[in-house]
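Only one structure is covered here, and it is reproduced in the block below.
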Amino acid sequence: MSLRSPLGRVIGLGSAKHGSGTWWAERVSSVALIPLTLWFVFSLLLLRSLDYSTVRAWLSVPVSGFLAAVTVGVMAYHSYLGTVAVVEDYVHAPALKLASLLLLRFVHVLAGGAGIFAILRIAFVA
18 MSLRSPLGRV
28 IGLGSAKHGS
38 GTWWAERVSS
48 VALIPLTLWF
58 VFSLLLLRSL
68 DYSTVRAWLS
78 VPVSGFLAAV
88 TVGVMAYHSY
98 LGTVAVVEDY
108 VHAPALKLAS
118 LLLLRFVHVL
128 AGGAGIFAIL
138 RIAFVA
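Start counting the sequence shown at 18; every next residue gets the next number (the numbering used here).
Shown next as structure tokens:
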């Protein structure tokens, strides 16, 4: 008989010994997206226009450029975690599951990297 409570025995361990870490990462990234998305939407609404020069000036401010890049990175990570959970739950063929997971990682890294690159290019290239 163990002296640990049932909660104490399962904290940090899912059935596959890694699920709770992913669960926490999904929750933390979703909570981080709330203020980031609100900031992003309200910042865009406060711009006088959405033409290139106005957005470039906005992204050239260090705080705006940094927060925009963080928003894109967190969105890509959160999307990756969600789609991986769907594949792990509903794709049962091992080869198809592996191929899907590799493709998802590639697509999310590519999309997140392209978004951050676009923000940096707009902010720093004249």
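Just so it is clear, CB atoms sit at the ideal spot from N, CA and C, and this is done for glycine as well.
Could you tell me which of the options sits nearest to residue i, measuring between CA atoms?
i	options	result
Thr100	Leu84, Ser70, Leu55 and Val124	Val124
Ala128	Phe141, Pro111 and Tyr97	Tyr97
Ile133	Val89, Pro111 and Glu105	Val89
Arg122	Val104, Leu61 and Asp68	Val104
Sorted by chain position, which residues of the same chain lie with C-beta nearer than 6 Å to residue i's C-beta, five sequence neighbours on each side aside?
i	result
Ala49	Val91
Ala140	Leu76, Ser77 and Gly82
Alpha carbon to alpha carbon, what distance is there between residue j and residue i?
i	j	result
Tyr107	Val87	30 Å
Ile147	Ala85	Outside the displayed range of the chain (18 to 143) lies residue 147, so it cannot be described from this structure.
Ala131	Ala93	11 Å
Lys114	Leu120	10 Å
Leu118	Phe57	30 Å
Val142	Ser66	20 Å
Phe59	Pro52	10 Å
Leu55	Ser46	14 Å
Take residue i and list the residues in its own chain whose beta-carbon comes closer than 8 Å to its own, dropping the five residues that flank it on each side.
i	result
Leu64	Thr71, Val72 and Trp75
Glu43	His95, Leu98, Gly99 and Ala102
Counting only runs that start and end within the region 42–92, where is the alpha helix (DSSP H) found for 4 or more residues in a row?
69–77
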